[in-house]
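Just so we're aligned: the sequence shown equals residues -31 to -1, 1 to 307 in mature numbering (1 follows the signal peptide of the UniProt record, and there is no 0).
Working notes for the structure below.
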Amino acid sequence: MANQPKKYKKFVATAATATLVASAIVPVASAAGFSDVAGNDHEVAINALADAGIINGYADGTFKPNQTINRGQVVKLLGRYLEAQGQEIPADWNSKQRFNDLPVTAEAELVKYAALAKDAGVFNGSNGNLNASQTMQRQQMAVVLVRAIKEIAGVDLVAEYKKANFVTEIGDLDKAYSAEQRTAIVALEYAGITNVAHFNPGNSVTRGQFASFLYRTIENVVNNPEAGVAAVKAINSTTVEVTFDEEVDNVQALNFLISDLEVKNAAVKQTNKKVVVLTTAAQTADKEYTVSLGEEKIGTFKGIAAVVPTKVDLVEKSVQGKLGQQVTVKAQVTVAEG
């Protein structure tokens, strides 16, 4: 298996290391000081990004992971990350206005990072406006993350998933407002940044959710090691698929490990030799798992709950057939919500 293209090797620091922290960033509260994060589904991502100086808490020591995030807050997070990766703040950030509704006399941190995100092509606004106080929709978030990946890592996820003939499994893609948003959502799915059956494009994003999306973006794409891994994705509660850039010749030589989860078997997918199918112990729903090849992290995924039918009703209750002949029985299966 060949080494991964150089574009993936550009950044070697992980989201949790101090090398990401820009000297000008001083978090309001450290990760250890957040009083409302322990046990949260997004705890790992929040703590990693807080330690890296990318996200801040509030003065009262909370992070408020369940509070919706607005566009201005997203701009700040992306701006801090861009700066930490070596992007320079524009020299004219406090003299040249980038958005119609954000004068240079507004909050300095927002103006500074809005200028950086705008000039980098990561955050373009709507009709020339930033709309900083508006909540960020999931479909909008998908677009800015895909743009950030292209700017920071030089990776065009949309082009890559199209080249790979990737087929989406997201059932509500048609609800996204624009073609760019639809392709961005599929790109996140391709990279293992999201693995949901329904993306809910128009829904708002919480602070905790955005932390997880940004963390998986960093881990799965920007910091993807030299294993040639394109995507890591949970298929169901006991199955994870790892997609490589090239066909896998000897799966037995690959030592797959998943944090806090037993890997029971690894096999090359019959229909696609670039995909290795991992059979795991039962996953914990919404828990963040890290997949490694030996000591090298290759991606993360969110655990999926097992679907257990609560009721099965036969639609055709009487079926006759000859001995040895295939008979199809129709049933209506009910499962619990969630």
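The beta-carbon is built from N, C-alpha and C at its ideal position, and this holds for glycine as well.
Are residue i and residue j close, meaning C-beta to C-beta below 8 Å?
i: Phe32; j: Gly41; result: no
i: Gly22; j: Gly2; result: no
i: Gly90; j: Phe68; result: no
i: Gln252; j: Ser181; result: no
i: Lys87; j: Ile58; result: no
i: Val124; j: Val211; result: no
i: Asn35; j: Ser102; result: no
i: Ile154; j: Ala203; result: no
i: Ala235; j: Leu223; result: yes
i: Ala156; j: Leu183; result: no
i: Val174; j: Thr37; result: yes
i: Leu230; j: Thr248; result: no
i: Lys256; j: Glu215; result: no
i: Val44; j: Leu114; result: no
i: Phe168; j: Asp141; result: yes
i: Phe92; j: Leu47; result: yes
i: Gln108; j: Gln150; result: yes
i: Val246; j: Thr208; result: yes
i: Ile118; j: Thr186; result: yes
Can you have a look at residue i and say buried or exposed, based on whether 16 or more other CB atoms are within 10 angstroms of its CB?
i: His11; result: buried
i: Gly263; result: exposed
i: Gln239; result: exposed
i: Glu188; result: buried
i: Glu52; result: buried
i: Ala84; result: buried
i: Asp20; result: buried
i: Met105; result: buried
i: Arg116; result: buried
i: Gly8; result: exposed
i: Tyr146; result: exposed
i: Gly55; result: exposed
i: Ala17; result: buried
i: Pro194; result: Because Pro194 carries a pLDDT of 44, less than 50, the predicted location of this residue cannot be relied on, and no value is offered for it.
i: Lys65; result: exposed
i: Ala200; result: buried
i: Gly97; result: exposed
i: Pro170; result: buried
i: Thr152; result: buried
i: Thr269; result: buried
i: Thr74; result: exposed
i: Val(-6); result: Bear in mind that the predicted position of Val(-6) carries a pLDDT of just 36, short of 50, making it too unreliable to give a figure here.
i: Ala14; result: buried
i: Ala196; result: With a pLDDT of only 44 at Ala196, under the threshold of 50, the placement of this residue in the model should not be trusted; the figure read from the coordinates follows. Classification of Ala196: buried, given that the 10 Å Cβ count is 16 or more.
i: Lys233; result: exposed
i: Ala60; result: exposed
i: Lys271; result: buried
i: Ala128; result: exposed
i: Ile121; result: buried
i: Lys266; result: buried
Mind checking who residue i pairs with in its DSSP beta bridge?
i: Gly41; result: In the DSSP output, where bridge partners are listed per residue, Gly41 has none listed.
i: Val113; result: In DSSP, Val113 forms no bridge with anything.
i: Tyr27; result: None; Tyr27 has no bridge partner.
i: Val245; result: Val211, Val237
i: Leu226; result: Ser261
i: Phe270; result: Tyr258
i: residue 369; result: Look at the range of the chain in this structure, -31 to 307, and you will see that residue 369 is not part of it.
i: residue 342; result: Summary: the structure shown does not reach residue 342, with the chain confined to residues -31 through 307, and so no result is reported for it.
i: Glu202; result: The sequence given here places Lys at residue 202; Glu does not occur at that position. Lys202 pairs with Glu210.
i: Gln221; result: DSSP lists no partner for Gln221.
i: Thr104; result: Asn39
i: Leu232; result: Going by the sequence as given, residue 232 is Val instead of Leu. Thr249, per the DSSP bridge assignment.
Residue ranges of each alpha helix (DSSP H) within the stretch 60 to 102, 4 or longer: 77 to 88
If you scan the stretch 119 to 177 from start to end, which runs of the alpha helix (DSSP H) of 4 or more residues do you find wholly inside it? The DSSP assignment places complete alpha helix (DSSP H) segments of no fewer than 4 residues inside the stretch 119 to 177 at 126 to 132, 148 to 159, in order along the chain.
So, do the stretch 130 to 149 and the stretch 70 to 81 have three or more beta carbon pairs nearer to each other than 8 Å? no
Any contact between the stretch 256 to 270 and the stretch 160 to 178? By contact I mean 3 or more CB pairs, one from each, below 8 Å. yes
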